[in-house]
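Step one of this worksheet: look at the structure below.
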Amino acid sequence: MARHWAIAGAILFVLAPAAPIAAHHGWGWATDEEFELSGTVKDVRNANPHGTMRLATKSGEWTVEIGQPWRNAQAGLTMELLRPGTRLLVHGHRSARRSERLMKAERIVIAGKSYNLYPDRPS
Amino acid sequence: MSVGPTLDGMFAALEQAAPIAALRESTYAFPLVNAAHIIGIALLFGSIVALDLRLLGWRRDAGPAGVFTRLLVPVAIGGLLIAIPAGLLMFATDARAYAASPLFQAKMVIVALAIANALWLRAAERRGPTLPFRAALAAAASIVLWLVAILLGRLVGYF
Numbered sequence: 001m002a003r004h005w006a007i008a009g010a011i012l013f014v015l016a017p018a019a020p021i022a023a024h025h026g027w028g029w030a031t032d033e034e035f036e037l038s039g040t041v042k043d044v045r046n047a048n049p050h051g052t053m054r055l056a057t058k059s060g061e062w063t064v065e066i067g068q069p070w071r072n073a074q075a076g077l078t079m080e081l082l083r084p085g086t087r088l089l090v091h092g093h094r095s096a097r098r099s100e101r102l103m104k105a106e107r108i109v110i111a112g113k114s115y116n117l118y119p120d121r122p123s
Numbered sequence: 124m125s126v127g128p129t130l131d132g133m134f135a136a137l138e139q140a141a142p143i144a145a146l147r148e149s150t151y152a153f154p155l156v157n158a159a160h161i162i163g164i165a166l167l168f169g170s171i172v173a174l175d176l177r178l179l180g181w182r183r184d185a186g187p188a189g190v191f192t193r194l195l196v197p198v199a200i201g202g203l204l205i206a207i208p209a210g211l212l213m214f215a216t217d218a219r220a221y222a223a224s225p226l227f228q229a230k231m232v233i234v235a236l237a238i239a240n241a242l243w244l245r246a247a248e249r250r251g252p253t254l255p256f257r258a259a260l261a262a263a264a265s266i267v268l269w270l271v272a273i274l275l276g277r278l279v280g281y282f
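Protein chains in written order, with my numbering: chain V, 1 to 123; chain U, 124 to 282.
Right, here's the structure in full:
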């Protein structure tokens, strides 16, 4: 009996760190390589579970996932800064599905100033 | 699949209502409402599957079906009464997009069928002793419908 619990514990210990990575709202759906995209804001939505921004770029319209409202606020990214028509550069990771024009932002640069959504991650 | 212009206008107004906008941009309220939805589903699904299995004849020696109905149906209803308002609140924060999502529409149809199935079984039980076969049929439908509802609900977030 005790051995069963030990095995179950070991499995949980191995799998638990993988769980957040597998979630859509994590990073698992994106590639590991750094990606950059520049464009003009079409519209933006500051919302739970995460915000989204549509960008007009040279390669067409992209969807950029930004942070949840508290993360955007912490990075100093107000919706006023991201208003439609703003030109900006997004650092982050694109979707592993190459056909999708979808990326997750780590850092956004507007007029030379960096707004870092994930200060703990290299971007 | 877009809903009609009138509904779309109503949903837009709902999204813009001050408490809904506050929830959409909240730090703690939204994840807590999300958690309430999951807790409600856990109570509903956990209790209803246990009851459904008994109605299907599993562990018949544990006691008469009526005893389990008396214990588990109130827990399931309680779960549903937590899950529905929490779900409505999350729906309201992005009403137009959810309403237009075929997965969400399918989920609503399935949830309606699951509730109708439960009400139908209750009504049949009230009229008198139900044939075990009919109860088992409703129990099987219940497990499948709630399972599909949960799966569709999860898929809405990913597609």
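Virtual Cβ for every residue (Gly too), placed ideally from N, Cα, C.
To the nearest angstrom, how far is the alpha carbon of residue i from that of residue j?
| i | j | result |
| --- | --- | --- |
| S265(U) | I238(U) | 9 Å |
| R94(V) | L203(U) | 38 Å |
| A152(U) | A222(U) | 22 Å |
| A96(V) | S149(U) | 30 Å |
| P122(V) | K42(V) | 27 Å |
| R183(U) | A241(U) | 21 Å |
| Y118(V) | R107(V) | 7 Å |
| L244(U) | P187(U) | 16 Å |
| P84(V) | T40(V) | 7 Å |
| P20(V) | G26(V) | Low per-residue confidence applies at P20(V): pLDDT is 41, beneath 50, and the placement is therefore not dependable, though the value from the model is reported in the following sentence. Cα-Cα distance, rounded: 6 Å. |
| A185(U) | L176(U) | 12 Å |
| L270(U) | S38(V) | 43 Å |
| I207(U) | F227(U) | 14 Å |
| E248(U) | P225(U) | 35 Å |
| E80(V) | V267(U) | 47 Å |
| A218(U) | G180(U) | 42 Å |
| V190(U) | P197(U) | 12 Å |
| G51(V) | R147(U) | 10 Å |
| P154(U) | A199(U) | 23 Å |
| V126(U) | V232(U) | 15 Å |
In chain order, what residues of the same chain lie with their CB nearer than 7 Å to the CB of residue i, ignoring the 5 residues before and after it?
| i | result |
| --- | --- |
| I143(U) | L137, A215, T216 |
| M283(U) | In the structure as shown, chain U starts at 124 and stops at 282, and residue 283(U) therefore has no counterpart that could be examined. |
| L82(V) | V41, V44, M53 |
| A209(U) | V156, A159, H160, G163 |
| L278(U) | L226 |
| N46(V) | P69, N72, M79 |
| N48(V) | Q68, P69 |
With burial defined as no fewer than 16 other Cβ atoms inside 10 Å of the residue's Cβ, what is the status of residue i: buried or exposed?
| i | result |
| --- | --- |
| K230(U) | buried |
| V234(U) | buried |
| H4(V) | exposed |
| P69(V) | buried |
| F256(U) | exposed |
| K104(V) | buried |
| W62(V) | buried |
| L105(U) | Because chain U spans 124 through 282 in this model, residue 105(U) falls outside it and cannot be assessed. |
| L167(U) | buried |
Report all residues from its chain with a CB closer than 6 Å to the CB of residue i; omit the five preceding and five following residues, and keep chain order.
| i | result |
| --- | --- |
| L88(V) | I108, I110 |
| A258(U) | L178 |
| V64(V) | M53, L55, V90, M103, A105 |
| M133(U) | none |
| E36(V) | H91 |
| L174(U) | F191, L195 |
| L236(U) | L268 |
| P128(U) | none |
Excluding sequence positions up to five away, which residues of its chain have a Cβ less than 8 Å from the Cβ of residue i?
| i | result |
| --- | --- |
| L124(V) | Limits of chain V in this structure are 1 at one end and 123 at the other, which puts residue 124(V) out of reach. |
| D32(V) | H93 |
| G60(V) | R101 |
So if I threshold CB-CB distances at 7 Å, which residues from the region 131-147 of chain U count as touching chain V?
R147
Please give me, in chain order, every unbroken run of the beta strand (DSSP E) with length at least 3 that falls completely inside the region 204-251 of chain U.
none
Identify each residue in the region 172-197 of chain U for which the Cβ-Cβ distance to at least one residue of chain V is less than 8 Å, and report them in chain order.
none
Kindly provide the ranges of any beta strand (DSSP E) runs that are 3 or more residues long and lie completely inside the region 52-101 of chain V, ordered along the chain.
52-57, 60-65, 87-94
What residues from the region 68-84 of chain V come within 7 Å of chain U, judged by C-beta to C-beta, listed N to C?
P69, W70
Which whole runs of the alpha helix (DSSP H) in the region 127-202 of chain U are 4 residues long or more, in chain order?
128-139, 141-147, 152-178
Near-chain V residues of the region 213-243 of chain U (beta-carbon distance less than 9 Å), N- to C-terminal order:
M213, T216, D217
For the region 33-65 of chain V, enumerate the residues whose C-beta is nearer than 8 Å to any C-beta of chain U, in chain order.
N46, A47, N48, P49
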